[in-house]
Amino acid sequence: MTSDTDRDLVTELVHHPYVPPAGFGAVPPGVYKASTVTFANVAALRSRSWKSREGYTYGLHGTPTTFTLEERLATLEGGRHCVLAPSGLAAITMVDAALLRQGDEVLLPDNVYGPSKELARTLLADWGIAHRLYDPLDAGGLAAMIGPRTRLVWLEAPGSVTMEFPDLGGLVAAARDRGVITALDNTWGAGVAFRAFDFGVDIVMHALTKYPSGGADVLMGSVVTRDEALHHRILQAHGRLGLGVGANDVELVLRSLPTVALRYHAHDRAARELATWLQAQPAV
-13 MTSDTDRDLV TELVHHPYVP PAGFGAVPPG VYKASTVTFA NVAALRSRSW KSREGYTYGL
47 HGTPTTFTLE ERLATLEGGR HCVLAPSGLA AITMVDAALL RQGDEVLLPD NVYGPSKELA
107 RTLLADWGIA HRLYDPLDAG GLAAMIGPRT RLVWLEAPGS VTMEFPDLGG LVAAARDRGV
167 ITALDNTWGA GVAFRAFDFG VDIVMHALTK YPSGGADVLM GSVVTRDEAL HHRILQAHGR
227 LGLGVGANDV ELVLRSLPTV ALRYHAHDRA ARELATWLQA QPAV
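Going by my numbering, the first residue of the sequence shown is number -13, and it counts up by one from there.
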């Protein structure tokens, strides 16, 4: 059954503010492709800022098309800021690069997305960044593991493949009480199952490749935040890593996003029916 909150989300995704060019009242946003961006004069060039979403500096740093998707994804998650990446793993890497330095430690749930664990085991280790795995079903255990070097705690709800759902509020509280930033891989929740920021999570990451895209033909990721200073750290890492996304891929996600809640609930109903049927099978 669809709740009032679900209906509000569906409506917001369909009717998210978009102002088309004068005299051209198209429903979908335009697709802008650019690398070089021109300026009206030298003063405008000198005053440009990669931190601002009010203007444009270079295609890698954003276009009207990418800004529109970022705004809609921030709305989906209940955040304020969003940065796109060319894949979910690229989005994870962007967060790690923004927040971790040599000598730091990151904590990962033991049911974490496999490539994220491999990233910590290899590239982060090469950078002098340690990692440890924690039991996501034991918030007290996480609290005991957090030490003076811990800078980031990754969360998954549910966990990849094994699908355990943790005490998200308890895990976030354990990190927050010790001054540690939390980042949630919310690919499974898709911004539809629950509002992660309501639990106090600092960063929400998505593999847009999955539910928001919906067509198995796009690779993309996103990082959503509420805190502006945290957003600027991630935006800086995005620029330094050169993580651009193609306009055509962005257009595909924009096209699919208005139906993500409807598709998610259809998946939910089908999965429950399948689970009920499987319970009655003697071979299971």
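Every residue, glycine too, gets a C-beta built ideally from N, C-alpha and C.
Query                                                                                                                                                                                                 : Result
If you pair each beta-carbon of the stretch 77 to 89 with each one of the stretch 142 to 153, do three or more pairs fall below 8 angstroms?                                                          : no
If you scan the stretch 93 to 141 from start to end, which runs of the alpha helix (DSSP H) of 4 or more residues do you find wholly inside it?                                                       : 100 to 105, 125 to 131
Assuming the contact rule is C-beta atoms closer than 8 angstroms, Leu153 and Ala125 should be a hit. Round their C-beta distance to whole Å, please.                                                 : Looking at the sequence shown, residue 153 is not Leu but Asp. Confirmed, Cβ separation roughly 5 angstroms.
Assuming Leu216 contacts Asp188 (C-beta within less than 8 angstroms), just tell me the rounded distance between them.                                                                                : 6 angstroms
Could you tell me which uninterrupted beta strand (DSSP E) segments, each at least 3 residues in length, are contained entirely in the stretch 176 to 204, listed from first to last along the chain? : 189 to 193
Out of curiosity, what's the CA-to-CA distance linking Glu56 and Cys68?                                                                                                                               : 5 angstroms
Looking at C-alpha atoms only, which residue of Leu243, Thr245, Ala257, Ile220 is the closest neighbour of His47?                                                                                     : Ile220
Let me confirm a value: Asn97 is counted as buried when at least 16 other C-beta atoms fall within 10 Å, else exposed. Which label applies?                                                           : buried
Considering only their Cβ atoms, is the gap separating His224 from Ala71 smaller than 9 angstroms?                                                                                                    : yes
CA-CA distance, His251 and Gly177?                                                                                                                                                                    : 12 angstroms
Taking Val5 as part of the beta strand (DSSP E), name the residues at either end of that continuous run.                                                                                              : Here Val5 belongs to no beta strand (DSSP E), and DSSP marks it neither H nor E.
Buried or exposed for Ala266, please, with buried defined as at least 16 other CB atoms from any protein chain shown within 10 angstroms of its CB.                                                   : exposed
Less than 6 angstroms between C-beta atoms, sequence neighbours within five positions excluded: which residues of the same chain meet that for Glu91?                                                 : Ala116, Arg135, Thr136
I believe Thr61 touches Tyr18 by the beta-carbon criterion, under 8 angstroms. Please report the beta-carbon distance rounded to the nearest angstrom.                                                : Thr61 to Tyr18, Cβ: 20 angstroms. No contact.
Drop a sphere of 10 angstroms on the beta-carbon of His192, count the other beta-carbons inside from all chains shown, and report buried for 16 or more, exposed for fewer.                           : buried
For Glu142 and Pro95, I'd like the C-alpha separation in whole angstroms.                                                                                                                             : 7 angstroms
Let me confirm a value: Arg283 is counted as buried when at least 16 other C-beta atoms fall within 10 Å, else exposed. Which label applies?                                                          : Examination of residue 283 is not possible in this model, given that the chain is present from -13 through 270 alone.
Which parts of the stretch 49 to 99 are runs of the alpha helix (DSSP H), unbroken and 4 residues or longer, counting only runs that do not cross its ends?                                           : 50 to 63, 74 to 85
By the three-class DSSP mapping on this structure, what secondary structure does Val231 have?                                                                                                         : coil
Can you grab the Cα-Cα spacing for the pair Thr22 / Gly228, in whole Å?                                                                                                                               : 15 angstroms
If you count every other CB in all the chains shown that lies within 10 Å of the CB of Gly155, and 16 or more means buried, which is it?                                                              : exposed
For Gln222, tell me which candidate among Val(-4), Val209, Arg258 has the shortest Cα-Cα distance.                                                                                                    : Val209
Quick one: grab the DSSP three-state call for Ala169.                                                                                                                                                 : strand
With a 10 Å radius around its C-beta and 16 neighbouring C-beta atoms as the bar for buried, classify Ala106 as buried or exposed.                                                                    : buried
State the Cα-Cα distance for the pair Phe185 and Arg162, rounded to the nearest angstrom.                                                                                                             : 11 angstroms
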